[in-house]
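Notes follow the structure.
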Amino acid sequence: MRGPKAEKKSPSRLRHSPRPVVFAIETQMHLSIRPAHQGELGKVMNQSNGAVIPASTRVMTDKQRLLCTTALAGAILLAGLWAGTVHADDIAAAQMKAPAQPQPLPQTEAADQAQADRTVTLDLPTQNLSAALVAFSNATGIDIVFDGQVPADKQAPALKGEMTAATALNRLLSGTGITWTFSDAKTVALSTPKQTGERITLGTVSVEGAAPRDPGRTEGTNSYTGSQVTVGSKTSVSVREVPQSVSVVTRQKIEDRNYTGLQDAMKETTGMTVGRFDSAGYFTEIYGRGFPADSFLLDGAQVEHDGNLAISFDAAIYDRFEVLRGPAGLFQGNGEPGSSINLVRKHAERNLHAKASATAGSWETYRGEADVNAPLVDSGRVRTRFVALYDDRKSYIDIVGANKFLGYGTLEVDLTDETTLSVGATYQKINAVLDQGLPAYADGTLPNVDRSTFTGADWNSQDLTSQDVFVEVKHRFDNGGHAQLVARTYDRTMLYRGARASGAINAATGDFNVQKLEFGKYENSFSVDGYTTLPFEFMGQQHNLVVGGDYRDFIEQRTSFSSTNGFTSNIFAPTHNFSNPVYGESKGTKSEEEQFGTYGQLRIKPLNRWTMIFGGRATWWQAKTASQVQNVSGEFTPYVATVVDLTNEISAYGSYASIFKPQSNTTSAGEFLDPRTGNQYEVGLKGEFMDGRLVAHAAAFRINDENRAITDPSDSNFSIATGKVRSQGVEFEVSGSPLSNWEMVSGYAYTFTEYLEANDGDEGSAFAAYTPKHSANIWARYTFPDGTLSGLSLAGGGNWRSRFYSDDSGVRFTEDGYVTVSAQIGYRLNDHFSGTFTVDNLLDETYFEKVSGSSRQNFYGAPRSFMFNFRGTF
């Protein structure tokens, strides 16, 4: 809902006064004058020109590491509570010592919070900060008083749509170091963290809105485009400043599309492909530009993982997903060259607010979420946030279903104006009955059966428990730079018991073999990442240097049991009541990977519109199993790029990025193969249009992945590193608000992959046939602004995938492509409550979402489904 309209007032004239005066911005951009209190410092913002005129090599055992992490977390918790107490005492003491002087009318914390949480409707273009503050005041009727200097060259981002006053102020003041406070119901006071002389006394209200901890925050913006990202750079920069293709899945898009996990979002993200390994999609593999996505970051810090288990946390705890396509070796180290995904969690904020939602839908889907943020002291310097959810649902596939519980909590403490400590933890538990997909015929024909067909046993089960704990310290420097250190540990435990298809369908009878299986896995990861950003000025231009290092340790233990008593089922009438075997003991396998790296990135501006970026990383990597140890020492990963601002709206860029990937294959001499090397060349255009409300980009890329293991022609038991593959293509994406009250995101990708050097018969064929050559997606929403339809929104979109296939033992299994369409109607009852009704696969298209081979893991896409969601904001 839009905020209340500002009253029209007659312009005031500047009058001489024998007493000092404070000038505040009023609606219609006129100046109001009120007598200053004793000791106040005045400022005036001139409406005509927007100027502000002043009046004044870890070696630790698992047990040691756990003890250190626990001790550090405990110490920070105690420090946070102590700091909160000290800050509260300091504020009270300062108020007692302050000389008596006139005060604004007292205002309760609840009233102050209500003003910060008040919803306003804005349509502000990108402009200098002074002008943006004038426009904000004009649109909201909120007076602004300032006792510092507004940076003359600071550009404020465009603000479009409904958001809270606090969100708008945080976005406008991002990166300035300026804080804000509601001094009364109609006045916001701005101040700088460090000043000389006496600070303005603002009364009993002490809740301040610091320059936001996360400048790229999308929650509360109601937008489908992100303003700033950290993926591809440790610093927060605009999407235009990243010389590679970047997509941002915002909080608004997550909520509008009812995403429950990263895999849901990636299905509708430009250039990305999702392949699932189970019927519920909890175990999935994500691909970017034809390569598996194995680079996942949490709040910008790399997390070691084993593919699908690392992305299992529910989307409820995240503010956004940032997707960088192409190699990310500069900050990642070893990995695949296709993409890097940064999952940015929700942070604790200074203001009190809460959200709740309830969802009900097809196949007995029920879900509830709660999100509560609260300051623990009046100043907001100690604050916390908790997210909890319960999700219970069945499936369009018979017998399949799952329930999920998640709890996430974080505590943030401002120990000083410049230093913030954060601790947090996430716990998630999933209990599911899963299926591993349909078998197919040996000649490549896919089964033509009901989409509800289940091929497992009725006692199939899978339990997945995930835990994550982090500690983070961030210090901000006066020159705009910062230093950050984050330590994180996570544990994943998974146990699967069930029956699955294990062989081709008999064309004459429809029978297929079934395998009984128990499989267990435990993962533990510990990581530390520390870096410093150092902005500096040289020859009249601003430049920035990032230096840092990271350490990661990943341990995986596996157990697997396979029943020798196979049995037969029939694809047209599957049997589910098979005996549940008892398995014996298994020692299993254990492996460990360690990586340490140092990195640096220099962004320089030879000219005002020209930026050059140079980077490099040195990586030391080791992998250990019970029988072998593999090492990579000092592997260097270079990076170079350039960005040229062609106009105020359009930038052109070019980049070279690289990465390496160790291989476990060995030569006939018994030595490990050299690592694979992935190199990408990318050029493109990026633009911000409609005063920054609309973001677009176009890119062309080529990735060469070399030194791949192929069979040694002289001895098939060994390998040689002469394989080479290529992925190349183009991508287009548009996101944001093309017209008033519209939000949309759309994208198209053409991806061509092929073997350049491979074993006989493979050269010239696609190495990533599961990635369609053509893919496109669109989603758009229109909100009626006023009149009888005010509060109503209509949305819709679709996804297109061209032909893709899988080769299995010389036989091709093909899906010829598909289009799915979705639609949604929403209504906002008032400032607090809203609801949506969504229909996915509106045309009830029947298609295979994944094809694999004759044995199993061929999955139909979901039929038409309905989802109702009701949300409340408090």
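Position in the sequence shown (first residue = 1) + 14 = my numbering. All C-beta atoms, glycine included, are put in the ideal place defined by N, C-alpha and C. Note that this is a predicted model, so its numbers are computed, not measured.
Quick one: Cα of residue i to Cα of residue j, how far?
{"i": "residue 496", "j": "residue 546", "result": "6 Å"}
{"i": "residue 653", "j": "residue 684", "result": "33 Å"}
{"i": "residue 887", "j": "residue 234", "result": "11 Å"}
{"i": "residue 426", "j": "residue 506", "result": "25 Å"}
{"i": "residue 432", "j": "residue 367", "result": "24 Å"}
{"i": "residue 529", "j": "residue 577", "result": "7 Å"}
{"i": "residue 761", "j": "residue 590", "result": "42 Å"}
{"i": "residue 191", "j": "residue 847", "result": "34 Å"}
{"i": "residue 357", "j": "residue 346", "result": "14 Å"}
{"i": "residue 517", "j": "residue 471", "result": "16 Å"}
{"i": "residue 752", "j": "residue 414", "result": "42 Å"}
{"i": "residue 743", "j": "residue 794", "result": "26 Å"}
{"i": "residue 562", "j": "residue 878", "result": "49 Å"}
{"i": "residue 539", "j": "residue 623", "result": "42 Å"}
{"i": "residue 601", "j": "residue 640", "result": "12 Å"}
{"i": "residue 201", "j": "residue 696", "result": "49 Å"}
{"i": "residue 332", "j": "residue 605", "result": "30 Å"}
{"i": "residue 194", "j": "residue 203", "result": "6 Å"}
{"i": "residue 329", "j": "residue 273", "result": "7 Å"}
{"i": "residue 651", "j": "residue 670", "result": "11 Å"}
{"i": "residue 393", "j": "residue 334", "result": "27 Å"}
{"i": "residue 439", "j": "residue 564", "result": "21 Å"}
{"i": "residue 586", "j": "residue 463", "result": "7 Å"}
{"i": "residue 702", "j": "residue 882", "result": "34 Å"}
{"i": "residue 254", "j": "residue 747", "result": "13 Å"}
{"i": "residue 714", "j": "residue 665", "result": "15 Å"}
{"i": "residue 352", "j": "residue 143", "result": "38 Å"}
Note down, in chain order, each residue of its chain lying with its Cβ closer than 6 Å to the Cβ of residue i, except the 5 sequence neighbours on either side.
{"i": "residue 370", "result": "384 and 886"}
{"i": "residue 95", "result": "Because residue 95 sits at a pLDDT of 40, beneath the cut-off of 50, its placement in the model cannot be relied upon, and the following sentence gives the value as read from the coordinates. Excluding residues within five positions, none has a Cβ falling inside 6 Å."}
{"i": "residue 767", "result": "304, 741, 780, 781 and 782"}
{"i": "residue 533", "result": "510 and 574"}
{"i": "residue 481", "result": "441 and 505"}
Under 8 Å Cβ to Cβ from residue i, same chain only, skipping five residues before and after it: list those, please.
{"i": "residue 582", "result": "525, 526, 527 and 528"}
{"i": "residue 728", "result": "682"}
Shortest alpha-carbon distance to residue i belongs to which of the options?
{"i": "residue 769", "options": "783, 759 and 763", "result": "783"}
{"i": "residue 560", "options": "588, 612, 475 and 604", "result": "612"}
{"i": "residue 870", "options": "594, 459, 876 and 569", "result": "459"}
{"i": "residue 614", "options": "334, 445, 544 and 350", "result": "544"}
{"i": "residue 437", "options": "412, 448 and 487", "result": "487"}
{"i": "residue 258", "options": "717, 799 and 141", "result": "717"}
{"i": "residue 668", "options": "700, 688, 647 and 690", "result": "700"}
{"i": "residue 318", "options": "567, 860 and 424", "result": "567"}
{"i": "residue 638", "options": "832, 181, 678 and 278", "result": "678"}
{"i": "residue 178", "options": "883, 713 and 845", "result": "845"}
{"i": "residue 830", "options": "813, 821 and 861", "result": "861"}
Are the CB atoms of residue j and residue i within a distance shorter than 8 Å?
{"i": "residue 796", "j": "residue 756", "result": "yes"}
{"i": "residue 836", "j": "residue 808", "result": "no"}
{"i": "residue 241", "j": "residue 171", "result": "yes"}
{"i": "residue 656", "j": "residue 646", "result": "no"}
{"i": "residue 502", "j": "residue 312", "result": "yes"}
{"i": "residue 597", "j": "residue 446", "result": "no"}
{"i": "residue 749", "j": "residue 739", "result": "no"}
{"i": "residue 403", "j": "residue 390", "result": "no"}
{"i": "residue 465", "j": "residue 832", "result": "no"}
{"i": "residue 754", "j": "residue 786", "result": "no"}
{"i": "residue 681", "j": "residue 720", "result": "no"}
{"i": "residue 724", "j": "residue 706", "result": "no"}
{"i": "residue 558", "j": "residue 617", "result": "yes"}
{"i": "residue 289", "j": "residue 864", "result": "yes"}
{"i": "residue 261", "j": "residue 244", "result": "no"}
Kindly indicate if chain D contains any beta-carbon less than 8 Å away from that of residue i.
{"i": "residue 172", "result": "No chain D appears in the structure shown, which is made up of a single protein chain."}
Say yes only if the C-beta of residue i is nearer than 7 Å to one or more non-hydrogen atoms of the ligand PLP, and no if none qualify.
{"i": "residue 750", "result": "In terms of ligand content, the structure shown is empty, and the ligand PLP therefore cannot be addressed."}
Checklist entry - Unbroken beta strand (DSSP E) runs of length 3 or more, entirely within the stretch 358-426: which are they? => result For the stretch 358-426, whole beta strand (DSSP E) runs of length 3 or above, ordered along the chain, are 367-375, 379-389 and 396-408.
Next on the checklist: Quick check on the DSSP output: what are the complete alpha helix (DSSP H) runs of length 4 or more inside the stretch 429-468, in order along the chain?
Outcome noted: Within the stretch 429-468, no complete alpha helix (DSSP H) run reaches 4 residues.
Checklist entry - Of all the beta strand (DSSP E) runs that stay within the bounds of the stretch 176-201, which reach a length of 3 or more residues? => result Qualifying beta strand (DSSP E) stretches, in chain order: 193-198.
Item to check | Completely contained beta strand (DSSP E) runs for the stretch 577-634, where each covers 3 or more residues | outcome: For secondary structure counted as the beta strand (DSSP E) over 3 or more consecutive residues, the stretch 577-634 holds these complete runs in sequence order: 581-584 and 603-621.
Item to check | alpha helix (DSSP H) runs contained entirely in the stretch 511-554, provided each spans 4 or more residues | outcome: Runs of alpha helix (DSSP H) with 4 or more residues, each lying fully within the stretch 511-554, are absent.
Next on the checklist: Threshold first: 3 residues or longer. Then list the beta strand (DSSP E) segments lying entirely within the stretch 263-297, N to C.
Outcome noted: Listed in chain order, the complete beta strand (DSSP E) runs (minimum 3 residues) inside the stretch 263-297 are 286-290.
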